[in-house]
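Below is one structure, written out as structure tokens, with a few remarks after it.
Residue numbers (the working numbering): 3 to 766.
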């Protein structure tokens with residue numbers, strides 16, 4: 003290593019002397035600096051990629067952004083989109099705290115998106131600053147010395163698309179295949195945790211040994227899935243994440259690469275080690291400068307947070323085949339795609355055991371925070387809870403005043419709070435109910451996705467759920483790809499389902515487990531005079547988790563024949579940014595937990611002003627699929643119940659019938675706003691209403707709509723597959739069905755030993 007680059011210089015460190023001491027509370031200042039510098043650094047890299055691409059930035063349809071340096075919402079991806087002038091309808095996906103495999107994971111997601119959306123052009127951007135984890139040396143703390151001597155700052159950007167349009171576009175590499183695997187028993191080998199003094203991290207000295215013991219098996223599995231055998235490692239050229247000198251030496255020894263070749267010296271230039279940043283990507287200009295055309299496969303590999311990630315690319319300039327590799331990459335790609343649309347196959351929900359009635363919560367809150375002496379503030383909080391707790395049961399018909407609407411009593415409003423409930427449990431509370439005559443195919447693959455605002459540490463909670471509580475078997479199970487997204491706020495659940503749709507439709511046989519989990523403990527703070535936002539946070543939000551299994555299959559699929567049945571088809575998904583609304587919903591992690599602002603008066607108005615345009619944009623690509631002459635009241639609705647004021651505004655603008663938002667209002671009344679989890683609860687409530695014949699009119703088509711920081715609007719068009727009036731769980735089952743395994747009624751059997759999960763999308 004000859005040099006590195008840093009955003010922080012001596013002047014910045016002199017102005018922030020607390021950065022040198024991990025015991026001092028400096029997280030706020032670090033996050034403030036990173037929130038501005040990270041997207042600016044990413045924009046510089048992205049501008050170069052767009053210039054090489056040769057098309058305008060407004061042609062970018064999707065943005066995948068990865069960083070471990072941010073702890074704020076709206077995330078740096080929104081600022082990056084603004085700096086680059088991307089269009090408001092660009093679909094954004096953020097990967098947070100993935101560490102060194104963030105770049106490879108982002109490229110894999112971009113591959114899925116590009117292949118599954120005709121004409122899509124995906125901008126992948128990775129940007130990281132080591133300032134978030136900068137500390138002075140400490141006696142006996144080797145991790146600090148290693149970290150300060152190894153890591154550097156940087157950003158990289160790649161544009162990914164399928165079917166390049168000539169003559170402007172030309173392919174550099176084709177992305178043929180991507181895999182991810184978890185090394186058993188390594189959860190604590192590499193860890194990162196955001197603390198009051200910044201990012202604390204630990205890297206075990208056993209990592210090179212662990213990596214060396216697993217690398218060849220992972221590589222052979224990756225090539226084996228392509229039907230390739232007899233691969234010789236020295237016939238490839240490589241883009242290998244250089245986690246450290248010891249890791250490179252270990253891989254050289256295991257794979258038998260010559261030292262000169264492994265260092266990128268003149269003996270063939272087959273391998274090149276790069277240190278651009280923790281989320282490094284392959285620089286194709288090196289291959290061009292060395293005239294590398296006879297080694298057509300590139301393997302990108304990273305290890306971080308007990309995950310191994312690899313992907314194969316084919317140089318677009320050559321048609322040479324290697325070994326028994328498929329001669330036609332496009333034909334191979336076609337065989338990997340699913341034949342049918344993505345569909346929700348099962349739904350599960352969970353809450354902590356501590357349930358507090360909304361009318362009783364002010365007493366609980368002021369007693370728990372030892373603030374009962376603030377009598378006037380407590381009375382104000384009681385009024386806030388009463389207003390927030392007025393979840394509408396069935397509103398009166400349009401034409402009457404809002405005050406004339408029938409509202410449920412606030413004493414029925416319940417919120418679930420944390421007590422002995424962590425990610426070590428599966429995100430489900432009820433035992434599974436098996437529909438008569440149905441059984442789950444034992445070989446069904448089930449993939450994962452996780453979104454959350456409540457989980458800043460890494461390894462991501464997707465890994466913990468798989469390796470600790472759900473005992474994911476790595477010996478016989480297929481690799482489980484598990485992206486995790488943080489700090490997306492209330493649109494996180496819908497965003498995760500959007501990602502799951504692309505994963506399921508682009509990978510034949512895939513079953514994607516989407517898991518969303520939120521705890522408000524990070525928002526919990528004592529009341530203060532003049533701090534209205536704290537009272538809103540405490541009076542509105544609750545804890546919960548939701549899980550959805552997504553898969554795509556045709557009617558003649560063996561899994562369908564064995565009893566797997568879709569609940570809702572996911573027909574299309576879109577995301578939009580409301581212009582000039584970035585500051586209306588904000589969150590950032592501080593030494594005292596999450597702080598932020600929700601403009602409770604402006605947000606419902608903004609949503610009301612923009613909701614119909616977003617919905618029309620979502621339906622426009624469908625053409626005549628939905629049929630002519632449809633109206634909003636012909637749909638069923640899963641609207642994120644951010645508050646009763648938001649539901650009222652959507653109701654008024656779209657002139658919906660009283661029962662259309664009944665599912666959203668019931669969930670708000672019973673559970674409060676659980677951030678991104680809430681839309682999953684509403685979907686489960688919709689399924690229950692349809693099974694019991696309570697959904698008036700038997701609508702075939704529906705909409706899922708979620709709102710969050712940005713101001714971001716996620717829209718998803720759904721098609722009902724649930725048969726009206728098929729029964730559902732009995733009242734007795736609903737009351738007693740509170741085991742640990744989950745209410746997965748749409749799936750014949752939900753097996754928590756996730757041996758067949760192939761992908762996982764997690765959000766916290």
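Glycine included, every Cβ here is placed at the ideal spot set by N, Cα and C. Just so we're clear, the structure is a prediction, and the values are computed from it rather than from any experiment.
Item: Within 10 angstroms of the Cβ of residue 706, are there 16 or more other Cβ atoms? Answer buried if so, exposed if not.; Value: buried
Item: Please classify residue 691: is it buried, with 16 or more other beta-carbons within 10 angstroms of its beta-carbon, or exposed?; Value: buried
Item: In chain order, what residues of the same chain have a beta carbon less than 6 Å from the beta carbon of residue 605, not counting five sequence neighbours either side?; Value: 586
Item: What's the C-alpha gap between residue 365 and residue 227?; Value: 59 Å
Item: When you compare only the Cα positions, how much space is there between residue 371 and residue 132?; Value: 36 Å
Item: Do residue 90 and residue 581 have their CB atoms nearer than 8 Å?; Value: yes
Item: I'd like the span of the alpha helix (DSSP H) that includes residue 108, first residue to last.; Value: 104 to 118
Item: Go ahead and pull the three-state DSSP assignment for residue 29.; Value: helix
Item: Which of the three DSSP states is assigned to residue 718 in this structure?; Value: strand
Item: Using 8 Å for Cβ pairs, my map puts residue 174 next to residue 125. What's the rounded Cβ distance?; Value: About 15 Å; that fails the 8 Å criterion.
Item: May I have a chain-ordered list of the beta strand (DSSP E) segments no shorter than 3 residues that lie completely inside the stretch 25 to 70?; Value: 64 to 69
Item: Give the single residue among 97, 542, 104 and 647 whose Cα lies nearest to the Cα of residue 358.; Value: 542
Item: Would you mind stating whether residue 687 and residue 708 have Cβ atoms separated by less than 8 Å?; Value: no
Item: What is the rounded straight-line gap between the Cα of residue 186 and the Cα of residue 672?; Value: 40 Å
Item: Please specify which runs of the beta strand (DSSP E), each continuous and at least 3 residues long, are wholly inside the stretch 338 to 386, giving them in chain order.; Value: 344 to 352 and 356 to 359
Item: Would residue 195 be called buried (16 or more neighbouring beta carbons within 10 Å of its own) or exposed?; Value: exposed
Item: With DSSP run on the structure shown, which of helix, strand or coil describes residue 599?; Value: strand
Item: Just to confirm, is the Cβ distance from residue 499 to residue 573 under 8 Å?; Value: no
Item: Would you call residue 504 buried or exposed, if buried means 16 or more other Cβ atoms sit within 10 Å of its Cβ?; Value: buried
Item: Would you list, in sequence order, the uninterrupted beta strand (DSSP E) runs of no fewer than 3 residues that lie entirely inside the stretch 190 to 257?; Value: 192 to 197, 200 to 205 and 239 to 242
Item: Give me, in chain order, the residues of the same chain whose beta-carbon lies closer than 8 Å to that of residue 386; leave out the 5 immediate sequence neighbours on both sides.; Value: 537, 538 and 541
Item: Considering Cα atoms alone, identify which of 22, 647 and 179 is closest to residue 134.; Value: 22
Item: Per DSSP, residue 703 is paired with what?; Value: 721
Item: Quick one: residues in its chain with C-beta nearer than 7 Å to the C-beta of residue 10, no 5 flanking neighbours on either side, listed in chain order?; Value: 133 and 136
Item: Nearest to residue 668 by alpha carbon, out of 14, 649, 658 and 655?; Value: 649
Item: Which of the three DSSP states, helix, strand or coil, is assigned to residue 170?; Value: coil
Item: Please list the terminal residues of the continuous alpha helix (DSSP H) segment that includes residue 656.; Value: 646 to 656
Item: Assuming the contact rule is C-beta atoms closer than 8 Å, residue 584 and residue 76 should be a hit. Round their C-beta distance to whole Å, please.; Value: 6 Å
Item: Run through DSSP, which three-state label would residue 132 get?; Value: helix
Item: Mapping DSSP to helix, strand and coil, what is residue 610?; Value: helix
Item: Kindly list the residues whose CB is nearer than 6 Å to the CB of residue 2, restricted to its own chain and excluding five residues on each side of it in sequence; keep chain order.; Value: Coverage of the chain is limited to positions 3 through 766, which leaves residue 2 absent and any answer about it impossible.
Item: Would you decide whether residue 258 is buried or exposed? Buried here means 16 or more other CB atoms lie within 10 Å of its CB.; Value: exposed
Item: For residue 574, which of helix, strand or coil comes out of DSSP?; Value: strand
Item: Tell me whether residue 229 is buried or exposed, calling it buried when 16 or more other Cβ atoms sit within 10 Å of its Cβ.; Value: exposed
Item: Please state whether the Cβ-Cβ distance between residue 493 and residue 255 is less than 8 Å.; Value: no
Item: I'd like the span of the beta strand (DSSP E) that includes residue 587, first residue to last.; Value: 587 to 592
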